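Undergrad: Attaching a single structure in structure tokens format; questions to follow.
There are 2 protein chains.
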Amino acid sequence: MSQTPDKAVRTYIEQHRAAFLDDLAEWLRIPSVSAQPDHAPDVRRSADWLAAKLQETGFSVAEVWETAGAPAVYAEWPSDDPGAPTVLVYGHHDVQPAAREDGWDTEPFEPVVRDGRLHARGAADDKGQVFFHTLGVRAHLAATGRTSPAVHLKLLIEGEEESGSPHFRQLVEEHADRLAADAVIVSDTGMWSEDTPTVCTGMRGLAECEIRLYGPDQDIHSGSFGGAVPNPATAAARLVAALHDEQGRVAVPGFYDGVVELTDRERELFAELPFDEQQWLRTARSHALHGEAGYTTLERIWARPTAEVNGIGGGYQGPGSKTIIPSTAMVKLSFRLVAGQDPDHIEKAVRAWAADQVPAGIRHEIVFGSATRPCLTPLDHPALQSLARSMSRAFASPVRFTREGGSGPAADLQEVLGAPVLFLGISVPSDGWHAPNEKVELDLLLKGVETSAYLWGDLAAHWRDVP
Amino acid sequence: MSQTPDKAVRTYIEQHRAAFLDDLAEWLRIPSVSAQPDHAPDVRRSADWLAAKLQETGFSVAEVWETAGAPAVYAEWPSDDPGAPTVLVYGHHDVQPAAREDGWDTEPFEPVVRDGRLHARGAADDKGQVFFHTLGVRAHLAATGRTSPAVHLKLLIEGEEESGSPHFRQLVEEHADRLAADAVIVSDTGMWSEDTPTVCTGMRGLAECEIRLYGPDQDIHSGSFGGAVPNPATAAARLVAALHDEQGRVAVPGFYDGVVELTDRERELFAELPFDEQQWLRTARSHALHGEAGYTTLERIWARPTAEVNGIGGGYQGPGSKTIIPSTAMVKLSFRLVAGQDPDHIEKAVRAWAADQVPAGIRHEIVFGSATRPCLTPLDHPALQSLARSMSRAFASPVRFTREGGSGPAADLQEVLGAPVLFLGISVPSDGWHAPNEKVELDLLLKGVETSAYLWGDLAAHWRDVP
């Protein structure tokens, strides 16, 4: 008697689990930090490693694509069925900066498994979630007896996501013909919790800037001059303090222009999720809730635009004291954007606001990084049902719908390729994205493999449902 | 025919100028930065060097005095005239931090002479101004034919002034018997300009603190959590922004309690000084005036208390971006105090203010460094006339009166020893105290030597005038 497909998938995964994890650990050892120029060779090594591994997996095409910045990896595994839909999987192989002294219990680029968790920078964001597709497609083939995937499978794994994807849009535009797809699967998000598998329907966008403030031409003595000239660190602080009003709303004029407000139905769906606010606070490692008045925590992080200061610096920060008025100060700000907001408009608004705030005698300049647009998939899109079904099989549980507070270049793919974007992620909030001791739950990682193994067949079978 | 005393002093100084400058350069090469623990051995080396040099100069006693922190140097050169007054010279042998990359044109601890200026960290603040007394006393002896000074001369040169003199008060109290003096000469201030010699009548006090703010237990992802928890960098910025009101007044409740207001006569004297505000701005390397409404620039820097942020830091300050809510942030604040303000009261007021400002979910702690009290000498004190006369002889010019915006432990000496404090300084505002490329004008340094050479005789001769 032959195995059921689910059993066959699970058996295949179990048999190949050890080699899969060994390979992933090898990849995680490459510190592919795109934000730090001295790690550029590592980002390249990461791309080369992945291309070679995808070829070994069975992809007929596996190429390193150059950009003006860090390289991306592109791969193809066509279906024998010429009428099959084409699916493009998106992820990234670069990671956030990480150093042991930031609070890691072990070396961030020396993966370790503790208590069923794989700890390393990139374990969840995003190498682990890219890599589960390599075993997923092989499990799909093994369980179905196919010699090629049920869909024309393409992968695009970029190398600059953690730096705001500055060249991604151009890369997608240049290669739009080869990237053409009927649907995009973004594997760079998370789900509600270990017990509540969810499908994400949208991501916030992101605009980032650094504001540099220049006061005296050099540090000057605070006794000789203090109290009589403007201090750029004070100006920096006042900018940050002026960023929000007393209601927690972003006080930059024009910031909320065009914002797509939450519908009552969406607010109801969010409210139905088993949200334990105290548990969420513990996951956030934070000690109070705080934010825009009139919205719940989930609404604040998923569906409301925000402004945060990611870094501030100026003057003497060493031990002891130094009685100076510093010459310069700077703030790094990031703005999360929701559907309806335009990054170019945000940049103009922030520039006008800052120019209005900075006092006489302080010169300022603002450098914006590349922005990421917000992205939202309709709740009733049939392809979402296909993804929810596959995830439900893997998790043996119904699937709910969420949004993602983080940002990714999904909107560029949607815009350039004209394809709907679906989000398949198995990471959970406690995974510590961008934080010390980032990890991925091994059980969930393997559920990701399993979801990937079911998805291609389900998508191909139900593609006729897609309008 | 014998030389006039003034000519004899000048000739002696000219003859010994080269050796004097060589010795000073040797001292300036010792990076005696008291605020940086790794320079502790250099601060000790500086003390040892000075004690040996004072002994070589002729002081009969030259000792290194231990404190719980950095060592001080004490020296004595008694007068043969047992009825002579006793004068204690105060200065410091430690210096501010300095690094080439802060904007120095040359190595800060490798003295160079360019265009009649000696550049090095400590050239003006305070090694140069301590050291001129060594040649001054010898010129005094040579010109008068005396074998001992006209006053019982004592020197106390501390090693922690740039760290807020945390152990100075205790040191003075412990050695009050040996330090006993009829007058204190503080050589750690400046004068109006090269063309306008002035005597300073008071210094502002100083209270310093670092406020540390703790938000999430680790850096967290600004996409996943941003907009829903408090950000400690925002809290830090809001503290700094709340430090001043719209009138430029310090907004800490109780801050102005007890402040001795300027008299009309003092405001007149300040207004009579040849003050070129644009030139002052250039010296301040600043691009606008800014401060407490209702006061002139001189009043703001000499006679009004102030608050400045000397450093602020939190989150990611490296290249590129890092989309986090930082775990911690900090601000370093300093408060300049004027006569009538009590540092203990200021500390209490700042603690209460900060506790009131910091939002829920952010933990904070405040660390105050040791404070320096403000100090003011009556305008009509006869000893001030003695100092003004000596300076007038050296500069061949009348002498005016100012105050000093900076701070020193002069008030402790006044309080513990019960002696009036006089300020003898030849530094000018462009000397760049605490800034890159600190320098001393060689001409003025030698006028300092000359003033010191005249002062002991004048003070002894006019001591009967002192009430």
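Line by line, the protein sequences give chains A and B. Oh and the first sequence: position 99 is 99 in full-length UniProt numbering, straight run, nothing missing. Oh and the second sequence: position 89 is 89 in full-length UniProt numbering, straight run, nothing missing. Using N, Cα and C, we set each Cβ at its ideal position, and we do this for glycine too. For clarity, every value in this text was computed on a predicted model and none was experimentally measured.
To the nearest angstrom, report how far apart A:TRP27 and A:VAL186 are at their CA atoms.
TA: Taking the first sequence and counting its residues from 1, one reaches residue 27 of chain A at position 27. Taking the first sequence and counting its residues from 1, one reaches residue 186 of chain A at position 186. Distance between the alpha carbons of A:TRP27 and A:VAL186: 20 Å.
Undergrad: Is DSSP giving B:SER60 helix, strand or coil here?
TA: Working through the second sequence from its first residue, we reach residue 60 of chain B at position 60. DSSP places B:SER60 in coil when its eight states are reduced to three.
Undergrad: Considering A:LYS127, what are the terminal residues of the alpha helix (DSSP H) in which it resides?
TA: Counting from one through the first sequence, the residue named residue 127 of chain A turns up at place 127. Run containing A:LYS127: 127-144, per the alpha helix (DSSP H) assignment.
Undergrad: Considering B:LYS348, what are the terminal residues of the alpha helix (DSSP H) in which it resides?
TA: The count along the second sequence starts at 1 and reaches residue 348 of chain B at position 348. From DSSP, the alpha helix (DSSP H) with B:LYS348 extends over 343-357.
Undergrad: Using the C-alpha atoms, what's the distance from A:PRO71 back to A:ARG44?
TA: Residue numbering aside, residue 44 of chain A sits at position 44 when the first sequence is read from its first letter. Residue numbering aside, residue 71 of chain A sits at position 71 when the first sequence is read from its first letter. Cα to Cα, A:ARG44 sits roughly 6 Å from A:PRO71.
Undergrad: Quick one: what does DSSP say A:SER2 is sitting in, helix, strand or coil?
TA: Here residue 2 of chain A refers to the residue found at position 2 when the first sequence is read from its first residue. At A:SER2 the pLDDT is 44, less than 50, meaning the model places this residue with poor confidence; the figure from the coordinates comes in the next sentence. DSSP, read as helix, strand or coil, puts A:SER2 in coil.
Undergrad: Determine the burial state of A:LYS348: buried for a count of at least 16 other Cβ atoms within 10 Å of its Cβ, exposed for fewer.
TA: Taking the first residue of the first sequence as 1, we reach residue 348 of chain A at position 348. Within 10 angstroms of the beta-carbon of A:LYS348 lie fewer than 16 other beta-carbons, which makes it exposed.
Undergrad: Kindly confirm or deny that the region 321-336 of chain A and the region 298-312 of chain B touch, where touching means at least three C-beta pairs closer than 8 Å.
TA: yes
Undergrad: With a threshold of 9 Å between beta-carbons, can B:ALA37 be considered close to chain A, or not?
TA: Counting from 1 along the second sequence, the entry for residue 37 of chain B is found at position 37. One detail in the question is off: residue 37 of chain B reads as Pro in this sequence, not Ala. So yes, B:PRO37 belongs to the interface.
Undergrad: Which residue from B:HIS287, B:GLU173 and B:ASN231 puts its Cα closest to that of A:VAL240?
TA: Taking the first sequence and counting its residues from 1, the one referred to as residue 240 of chain A is at position 240. Comparing Cα positions, the closest option is B:ASN231.
Undergrad: Within the chosen definition, does the region 350-361 of chain B reach the region 164-175 of chain B through at least 3 CB pairs nearer than 8 Å?
TA: no
Undergrad: Report yes or no: is there a C-beta of chain A within less than 9 Å of the C-beta of B:MET1?
TA: Counted from its first residue, the second sequence places residue 1 of chain B at position 1. Unreliable positioning characterises B:MET1 in this predicted model, as indicated by a pLDDT of 37, which lies under 50. The coordinate reading is nonetheless provided below. No, B:MET1 does not count as interfacial toward chain A.
Undergrad: With DSSP as the reference, label B:ARG285 as helix, strand or coil.
TA: For the purposes of this step, residue 285 of chain B is taken as the residue at position 285 of the second sequence. Coil.
Undergrad: Could you check where the alpha helix (DSSP H) with A:TRP456 kicks off and where it finishes?
TA: For the purposes of this step, residue 456 of chain A is identified with residue 456 of the first sequence, where counting begins at 1. Where A:TRP456 is concerned, the enclosing alpha helix (DSSP H) stretches over 442-462.
Undergrad: What does the Cβ neighbour count give for B:ASP182, buried or exposed, with the cut at 16 atoms within 10 Å?
TA: As a first step, residue 182 of chain B must be located in the second sequence, where it is residue number 182. When all chains shown are included, B:ASP182 counts as buried.
Undergrad: Per the DSSP calculation, A:ILE325 is bridged to which residue(s)?
TA: The residue you call residue 325 of chain A lines up with position 325 of the first sequence. A:ILE325 pairs with A:ILE220.
Undergrad: Could you tell me whether the region 97-111 of chain B touches the region 392-408 of chain B, using the rule of 3 or more Cβ pairs below 8 Å?
TA: no
Undergrad: When the Cα of B:ARG249 is compared with those of B:ARG146, B:VAL112, B:ASP6 and B:THR306, which residue comes out closest?
TA: Translated into the one-based positions of the second sequence, residue 249 of chain B becomes position 249. For B:ARG249, the nearest C-alpha among the options comes from B:THR306.
Undergrad: Spatial neighbours of B:ASP431 within its chain, please: C-beta separation below 8 Å, excluding the five flanking residues on both sides.
TA: By one-based count along the second sequence, residue 431 of chain B stands at place 431. Closer than 8 Å at the Cβ level, and outside the excluded window around B:ASP431, lie ALA123, ALA124, ASP125, GLY190, GLU438, LYS439, VAL440 and GLU441.
Undergrad: Put B:LEU422 into one of helix, strand or coil per three-state DSSP.
TA: Position 422 of the second sequence, counted from the first residue, corresponds to residue 422 of chain B. The DSSP-derived three-state label of B:LEU422 is strand.
Undergrad: Entirely within the region 2-33 of chain B and at least 3 residues each: give me those beta strand (DSSP E) ranges in chain order.
TA: none
Undergrad: For a test of the three-state rule: what should DSSP assign to B:GLU266, helix, strand or coil?
TA: As a first step, residue 266 of chain B is located in the second sequence; it is residue number 266 there, counting from the start. B:GLU266: helix per DSSP, three-state reduction.
Undergrad: Can you give the Cα-Cα distance for A:VAL87 and A:ALA233, rounded to whole angstroms?
TA: To locate residue 87 of chain A, count along the first sequence from 1; it is residue 87. To locate residue 233 of chain A, count along the first sequence from 1; it is residue 233. Going by the C-alpha atoms only, they are around 50 Å apart.
Undergrad: Considering only the alpha carbon of each residue, which of B:SER452, B:ALA251, B:GLY315 and B:THR402 lies closest to B:VAL137?
TA: Numbered from 1 along the second sequence, position 137 holds the residue referred to as residue 137 of chain B. Closest option to B:VAL137, Cα to Cα, is B:SER452.
Undergrad: Going straight from the alpha carbon of A:MET1 to that of A:ARG146, what length do you get?
TA: In the first sequence, the residue the question calls residue 1 of chain A occupies position 1. In the first sequence, the residue the question calls residue 146 of chain A occupies position 146. Model confidence at A:MET1 stands at a pLDDT of 37, short of 50, so the residue's coordinates are unreliable and nothing is read from them.
Undergrad: Look at the Cβ atom of B:ILE301, then the Cβ atom of A:GLY215, and state whether they are nearer than 9 Å.
TA: Within the second sequence, the letter at position 301 stands for residue 301 of chain B. Within the first sequence, the letter at position 215 stands for residue 215 of chain A. Taking a C-beta distance under 9 Å as the contact criterion, B:ILE301 and A:GLY215 do not qualify as a contact pair.
Undergrad: From A:ASP105 to B:VAL229, what distance separates their C-alpha atoms?
TA: Sequence index remark: in the first sequence, residue 105 of chain A carries index 105 (1-based). Sequence index remark: in the second sequence, residue 229 of chain B carries index 229 (1-based). Straight-line Cα distance between these residues: approximately 25 Å.
Undergrad: Kindly give me the distance between the Cβ atoms of B:LEU379 and B:THR196, rounded to whole angstroms, as I take these residues to be in contact under 8 Å.
TA: In the second sequence, counting from the first residue as 1, residue 379 of chain B sits at position 379. In the second sequence, counting from the first residue as 1, residue 196 of chain B sits at position 196. Not quite, the Cβ-Cβ distance comes to about 17 Å (not below 8 Å), so this is no contact.
Undergrad: Where B:VAL33 and A:ALA19 are concerned, what is the direct C-alpha to C-alpha distance, given to the nearest angstrom?
TA: Within the second sequence, the letter at position 33 stands for residue 33 of chain B. Within the first sequence, the letter at position 19 stands for residue 19 of chain A. Taking the straight line from one Cα to the other gives about 56 Å.
Undergrad: Answer with yes or no whether the minimum CB distance from B:SER32 to chain A is below 9 Å.
TA: Counting from one through the second sequence, the residue named residue 32 of chain B turns up at place 32. It does not: the Cβ of B:SER32 has no partner Cβ on chain A nearer than 9 Å.
Undergrad: What beta strand (DSSP E) runs, 3 residues minimum, are completely inside the region 61-126 of chain B?
TA: 61-65, 72-77, 86-92, 112-114 and 117-119
Undergrad: Exposed or buried, what is B:PRO274 when buried is set at 16 or more other beta-carbons lying within 10 Å of its beta-carbon?
TA: Here residue 274 of chain B refers to the residue found at position 274 of the second sequence. Burial call: exposed.
Undergrad: Taking the alpha carbon of A:ALA383 as the reference point, which residue from A:GLU365, A:SER392 and A:LEU422 has its own alpha carbon closest?
TA: Sequence index remark: in the first sequence, residue 383 of chain A carries index 383 (1-based). Of the candidates A:GLU365, A:SER392 and A:LEU422, the one whose C-alpha sits nearest the C-alpha of A:ALA383 is A:LEU422.
Undergrad: In chain A, which residues lie less than 9 Å from B:TRP433 when you measure between Cβ atoms?
TA: In the second sequence, residue 433 of chain B corresponds to position 433, counting from 1. For B:TRP433, the chain A residues whose C-beta falls within less than 9 Å of its own C-beta are ILE220, HIS221, GLY223 and SER224, listed in chain order.
Undergrad: Are the region 282-301 of chain A and the region 256-274 of chain A touching by the rule of at least three beta carbon pairs closer than 8 Å?
TA: yes
Undergrad: Considering only the alpha carbon of each residue, which of B:VAL151, B:SER79, B:ALA40 and B:GLY91 lies closest to B:LEU459?
TA: For the purposes of this step, residue 459 of chain B is identified with residue 459 of the second sequence, where counting begins at 1. Selected option, being the one with the closest Cα: B:VAL151.
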